[in-house]
Amino acid sequence: MLACTEMITMCLQSAKHDHLRKQKELDRNQNQAISLFHDIFRRADKNDDGKLSLEEFQSYFTDGILTDDQMQELYSSIDRKQTDNLDIDKLSGYLSPHVGEYVNVLSALEKLNVAILKAMDKTKEEYQGSSVLGQFVTRFLLRETSTQLQSLQSSLDCAMDAVHDQGCTGRRILKKPEELPIQRVAKRPGRRIQKNMCLSPTDPYSGMLTTGVSVEPDNHWGSQINQLEQLIDKLEWESPHLEPLKEDTLAGTYNSNILLIQRQMSVKEKDVEQFQQALKIYTETTSSQPTNLHVSVQNLPDRSCFIMYEFWQDRLSWMSYLQSSISKTFQRCIIDSLEEPEMVSTMLLPASWWIMNNN
1 MLACTEMITM
11 CLQSAKHDHL
21 RKQKELDRNQ
31 NQAISLFHDI
41 FRRADKNDDG
51 KLSLEEFQSY
61 FTDGILTDDQ
71 MQELYSSIDR
81 KQTDNLDIDK
91 LSGYLSPHVG
101 EYVNVLSALE
111 KLNVAILKAM
121 DKTKEEYQGS
131 SVLGQFVTRF
141 LLRETSTQLQ
151 SLQSSLDCAM
161 DAVHDQGCTG
171 RRILKKPEEL
181 PIQRVAKRPG
191 RRIQKNMCLS
201 PTDPYSGMLT
211 TGVSVEPDNH
221 WGSQINQLEQ
231 LIDKLEWESP
241 HLEPLKEDTL
251 AGTYNSNILL
261 IQRQMSVKEK
271 DVEQFQQALK
281 IYTETTSSQP
291 TNLHVSVQNL
301 PDRSCFIMYE
311 FWQDRLSWMS
321 YLQSSISKTF
331 QRCIIDSLEE
341 PEMVSTMLLP
351 ASWWIMNNN
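Using the UniProt record's numbering, read the sequence shown as starting at 1 and increasing by one per residue.
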């Protein structure tokens, strides 16, 4: 009898421990989801006040399934006090219970983004000085990474199409995002083409580069694929030759690259004066950054067109600066003042050139 009682007690305690463990895991996932949502929703908060107006909410979350009235109804159901200013923390907490397995996806995507950027930055620094075998392995790994990301992107596209088609049953059908495909490059050896780099005009703060097409802000897979393809193109063009290359005198000491950003902005005539004031503040603040090497602005004659050149120590420094308040403020001015989306192109230059020209 005693043995049965002890066994029942042990079973109850085990069930209690399992329940507590699952509850802790659920709470941990929900907290992680709130944190991830908070970072994502910051992109929708265009005025950086920590809140989303109805206009910001509709602009960021409209998916072509819910109507404008349904979007407004959803917004009101979250904003029960009818403040017309939805707190980002409250919105994150409201949506987090529904995130499910995507909390792991978003978390992994965030880590993957950082890992790929670090790997590409390291590749740019060490590739030229690597052995033939080392360069071959690097190119292979880049292609393999790009292929796997493309495979995942294809699966995501199929899933998006499926849920979109189901959601459109009996509803109005808007243009699907498939009309903005990720640009593919041709198969080797003719894959090296000139690519104009641009930031997504709808989300200038993401810092993610695209190749001549506008990619949706949350399309991180597509952005990573494009970046990998750009690097593969660069490395294949610089494939090792049998004859030794003639290197700069300082290449052995300064073998890293600096980043040149060219930004072309066509301003509406009525907004030129306001834009010039914002541009002056931006250039003065940017040039004072420790990782910024130089900022120069050119105004094309007879045109309200400005071309700005930014020199940065490396790509990560520039991408980090994109998240700063001054960069976001200037980007909002660009959105309001330009006649057409800003054109941004990038180029890597040997750091030795900069050192020699500035000594």
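A virtual CB, placed ideally from N, CA and C, is assigned to each residue, including glycine.
Is residue j closer than 8 Å to residue i when the C-beta atoms are compared?
i, j, result
"THR291", "SER317", "yes"
"PHE306", "MET347", "no"
"ASP314", "ASP69", "no"
"GLU56", "ALA44", "yes"
"TRP312", "LEU279", "no"
For the beta strand (DSSP E) containing residue i, name the first residue and the last one.
i, result
"LEU91", "Careful: LEU91 lies outside any beta strand (DSSP E), inside the alpha helix (DSSP H) at 88 to 95."
"ILE307", "305 to 312"
"SER345", "343 to 350"
Span of the alpha helix (DSSP H) holding residue i?
i, result
"ARG143", "132 to 167"
"LEU293", "Per DSSP, LEU293 belongs to no alpha helix (DSSP H); it is in the beta strand (DSSP E), 292 to 300."
"VAL267", "Segment: none, VAL267 is in no alpha helix (DSSP H) and carries neither H nor E."
"LYS46", "Segment: none, LYS46 is in no alpha helix (DSSP H) and carries neither H nor E."
"ILE335", "325 to 337"
"ASN113", "102 to 126"
"LEU66", "From DSSP, LEU66 is part of no alpha helix (DSSP H); its letter is neither H nor E."
"ARG315", "315 to 321"
Roughly how many angstroms lie between the CA atoms of residue i and residue j, to the nearest whole one?
i, j, result
"SER352", "GLU125", "13 Å"
"ASP336", "GLN150", "34 Å"
"ASN299", "LEU109", "40 Å"
"MET79", "THR285", "This sequence places Asp at residue 79; Met is not what is there. Roughly 37 Å separates the two Cα atoms."
"CYS333", "PHE275", "7 Å"
"GLU144", "TYR127", "17 Å"
"THR329", "MET319", "15 Å"
"GLU339", "SER304", "10 Å"
"SER130", "VAL344", "31 Å"
"MET160", "LYS270", "41 Å"
"GLU243", "ARG139", "For GLU243, the predicted structure reports a pLDDT of 44, less than 50, and the residue's modelled location is therefore unreliable. A value from the coordinates is still provided. Each residue's Cα considered, the two are about 20 Å apart."
"TRP354", "VAL297", "18 Å"
"LEU117", "ASP302", "40 Å"
"VAL103", "GLY93", "13 Å"
"GLN58", "MET71", "7 Å"
"PRO97", "HIS164", "22 Å"
"LEU156", "GLY64", "17 Å"
"GLU273", "GLN153", "43 Å"
"ASN257", "GLN82", "52 Å"
"LEU322", "SER146", "25 Å"
"ASP48", "LEU133", "49 Å"
"ASN113", "SER327", "21 Å"
"GLN148", "HIS38", "28 Å"
"ARG191", "ALA115", "With a pLDDT of 35 at ARG191, under the threshold of 50, the predicted position of this residue should be treated as unreliable, though the coordinate-derived value follows. Each residue's Cα considered, the two are about 25 Å apart."
"VAL105", "CYS158", "17 Å"
With distances taken from CA atoms, which of the options is nearest residue i?
i, options, result
"PHE41", "ARG80, LYS90, GLN148, ILE334", "LYS90"
"SER77", "ILE65, LEU95, ASP63", "LEU95"
"MET308", "GLU342, ASN113, MET319", "GLU342"
"LEU349", "ALA115, PHE140, ILE261, VAL99", "ILE261"
"GLY100", "ASP271, LEU36, ASP314", "LEU36"
"LEU66", "THR147, GLN331, ASP49, GLN166", "GLN166"
"ARG263", "LEU293, SER288, LEU112, GLU310", "GLU310"
"ALA119", "LEU141, GLU73, LEU74", "LEU141"
Measure how close the beta-carbons of residue i and residue j come, nearest whole angstrom, since I'm counting them as under 8 Å.
i, j, result
"ASP87", "LYS46", "Contact doesn't hold; Cβ gap of about 16 Å is too wide."
"THR283", "VAL295", "5 Å"
"SER53", "ASP84", "6 Å"
Are the C-beta of residue i and some C-beta of chain D separated by less than 8 Å?
i, result
"ASP121", "Among the chains in the structure shown there is no chain D, since it carries only a single protein chain."
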